[in-house]
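S.K.: Going by the working numbering, the first residue of the sequence shown is number 20, and it counts up by one from there. C-beta atoms are modelled at their ideal positions from N, C-alpha and C, and glycine is treated no differently.
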Amino acid sequence: MKKVLARLSFAAAALTFMSCGGSQFKIEGNISDAKDSTVYFENVGIENTEVLDSIVLTEDGRFTFTADAADAPEFYRLRIAGNIINLSVDSTETITVKASYPSMSYDYTVEGSENCNKIKDLSVMQIRIQNEISDIFNDPTLNYEASGDSANNVINRYKEVVRRDFIYKEPMKAYAYFALFQTIGGRPIFNPVYGKDDIKAFSAVATSWDMYYPGSVRTENLHNIAMEGIKNSRIVRNGIAQAQNEYQQAQEIDPTALTMTDNNGKKQTLSALKGKVVMLDFHLFSHEKSVERIMQLRQLYNKYHDRGFEIYQIALDPNAHFWKTQTEALPWINVRAEDENQIRDLQNMYNVRAIPAYFLIDRNGVIQKRDIQIKNIDSEINAML
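#1: Output needed for I208: all residues of its chain with C-beta closer than 6 Å, excluding positions within five of it in sequence on either side, in chain order.
#2: If you drop the 5 nearest sequence neighbours on each side, which residues of the same chain put their C-beta closer than 7 Å to that of P121?
#3: With DSSP run on the structure shown, which of helix, strand or coil describes M298?
#4: For L277, which residues in the same chain have their Cβ closer than 6 Å to its Cβ, ignoring the five residues on either side in sequence?
#5: Give me the Cα-Cα distance between R363 and K45, rounded to the nearest whole angstrom.
#6: Would you call the region 229 to 238 and the region 160 to 174 in contact, with 3 or more CB pairs under 8 Å?
#7: Please go through the same chain and pick out, in chain order, the residues whose beta-carbon is closer than 8 Å to the beta-carbon of P190, but skip the five residues on each side of it.
#8: For a test of the three-state rule: what should DSSP assign to I374, helix, strand or coil?
#9: Here's a check: name, in chain order, each residue in its chain whose Cβ is nearer than 6 Å to the Cβ of T113, leaving out the five neighbours to either side.
#10: Thinking C-alpha only, which one of A165, N175, Y95, S153 is nearest K139?
#11: Spatial neighbours of F378 within its chain, please: C-beta separation below 6 Å, excluding the five flanking residues on both sides.
#12: List, from N- to C-terminal side, the alpha helix (DSSP H) runs of 4 residues or more that fit wholly inside the region 139 to 214.
#13: Evaluate contact between the region 177 to 186 and the region 71 to 90, counting only Cβ atoms and requiring at least three cross-stretch pairs below 8 Å.
#14: Between P92 and the rest of its own chain, which residues show a CB-CB distance below 6 Å, the 5 nearest in sequence each way excluded?
#15: Kindly indicate which three-state DSSP category K293 falls into: helix, strand or coil?
#16: Ordered along the chain, which non-local residues of its own chain (more than five positions away) have a Cβ less than 7 Å from that of N395?
#17: Within 10 Å of its beta-carbon, does P337 have 16 or more other beta-carbons around it, so buried, or fewer, so exposed?
#18: Should E347 be labelled buried (16 or more other beta-carbon atoms within 10 Å of its own) or exposed?
#19: With a CB to CB cut of under 8 Å and the five nearest residues on each side skipped, what residues in its chain are close to L71?
#20: Using only CA atoms, which one of S305, A339, S235, A376 lies nearest to E357?
#21: Thinking C-beta only, is A198 closer than 8 Å to L241?
#22: Is D281 near V354, with beta carbons less than 8 Å apart?
#23: Using the beta-carbon count (16 or more within 10 Å), is S398 buried or exposed?
#24: For K293, collect the residues of the same chain with a Cβ closer than 6 Å to its Cβ; drop the 5 residues on either side in sequence, then sort them by chain order.
#25: Could you check the C-alpha separation between Q318 and H302 for me, to the nearest Å?
#26: Can you check whether the CB of R237 is closer than 8 Å to the CB of Y196?
#27: Return the residue from the list K286, M403, T57, N136 that minimises the CA-CA distance to V296.
#28: Quick one: what does DSSP say N264 is sitting in, helix, strand or coil?
#29: The beta strand (DSSP E) with S107 in it runs from where to where?
#30: Which residue comes first and which comes last in the alpha helix (DSSP H) that contains V310?
#31: Report buried or exposed for A334, applying the criterion of at least 16 other Cβ atoms within 10 angstroms of its Cβ.
#32: Which residue from K308, F304, Q287, V310 puts its Cα closest to that of E329?
#33: If I measure Cβ to Cβ from A53 and keep anything under 7 Å in the same chain, skipping five residues before and after, which residues do I get?
#34: From the DSSP output, in three-state form, read off R98 for me.
#35: Can the beta-carbon of Y331 be found closer than 8 Å to that of I352?
#36: According to DSSP, E133 sits in a beta bridge with which residue or residues?
Okay, structure coming up:
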């Protein structure tokens, strides 16, 4: 699991791929309104992203890139600053891209590749639901719970469409693979750790790729993710059930006397936040509803942080690298349980019977309420502030 979860972020980067005996492909076209901008041509691999070439655009915006073809479909992107066009190559072909800056991420055309056109459709759909979810969390008429439910419904509808029209329709295609690794807010939309339907989607593509591209690095990666998803979904469920059965209320322990290491390697003591209203949050970033949960917390943090509200979030994810990649852009305190023993100790100490779970701590450092006692989170935080 340590290696597999780290691979769930599609745009993570540089794959060392095998060359097809010197065969090459070409990516060409033009990006208008981008004079003097540098366009980068990058290989999007399993472990990282590698810059293969770059060019400073002139007035006409023309570019041409060539590279050795791989033995199986491979993924690339054109990038200017943070604007990206995702592409795939499955043969020695010429792909022509036309776009305009800075709308290139969603307003472009592709000739010479059905897969690239399907990837464009997926990218545009992804941007659309990301904006829809942002609107939900910015809607002042929706409370914390309602916004989370609405966002979850949007994501579930999106996943149904993608499974039907992209993944199961032609699972051997590069665009089906691409669909599995889409993200919202940097977190996977399809998560095989905590969703049987998502495991089925990964398994379908893995089986198909095994027929068409046996032995390729990406085929092996798909198999590993699917198998680890099956195994670890059981481990997580059984682990929580075991913690419930073995729970014993901790005695003579100050629940705020907690020191853990954050995602920057710094020690963070919960009691040091005395003087602030603190949400102590237990989270599993590999949970299928992690994206919605994090967006809910962002809403609360943005609304109340300036008034003295803080979040001390404890991740129970077993993979440290995966956790760090998921939390690097989050503004609040993020720490992680380092092993199964510490996870069990924390569950026992705080009587955590399900994930997510949270507690509200007042300015005096006293735990006042936990999630099951709270009907309106905004009202509770406002009262403590």
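M.R.: Taking the coordinates as given:
#1: Q201
#2: N102
#3: strand
#4: L289
#5: 54 Å
#6: Taking a contact to require three or more Cβ pairs closer than 8 Å, the region 229 to 238 and the region 160 to 174 do not qualify as touching.
#7: A223, V224, T226, S227, W228
#8: coil
#9: Apart from the 5 residues on each side of it in sequence, T113 sits with its Cβ closer than 6 Å to the Cβ of K45, G131 in its chain, given in chain order.
#10: Y95
#11: L299, I386, R389
#12: Along the length of the region 139 to 214, whole alpha helix (DSSP H) runs at least 4 residues long occupy 163 to 181, 193 to 199, reported in chain order.
#13: no
#14: S107, D109, A193
#15: coil
#16: By the criterion of a C-beta distance shorter than 7 Å, N395 is surrounded in its chain by N162, once the five residues flanking it on both sides are discounted.
#17: When all chains shown are included, P337 counts as buried.
#18: exposed
#19: F60, E61, N62, F84, A86, Y95
#20: The residue with the shortest Cα to Cα distance from E357 is A339.
#21: no
#22: Yes, these two residues count as a Cβ contact at 8 Å.
#23: Under this definition S398 is an exposed residue.
#24: G384
#25: 16 Å
#26: yes
#27: Per the Cα distances, M403.
#28: Because N264 carries a pLDDT of 43, less than 50, the predicted location of this residue cannot be relied on, and no value is offered for it.
#29: 102 to 108
#30: Start and end: 309 to 323.
#31: buried
#32: Closest option to E329, Cα to Cα, is Q287.
#33: L76, G80, I99, Y120
#34: strand
#35: yes
#36: DSSP, once it has assigned bridges, lists no residue as partnering E133.
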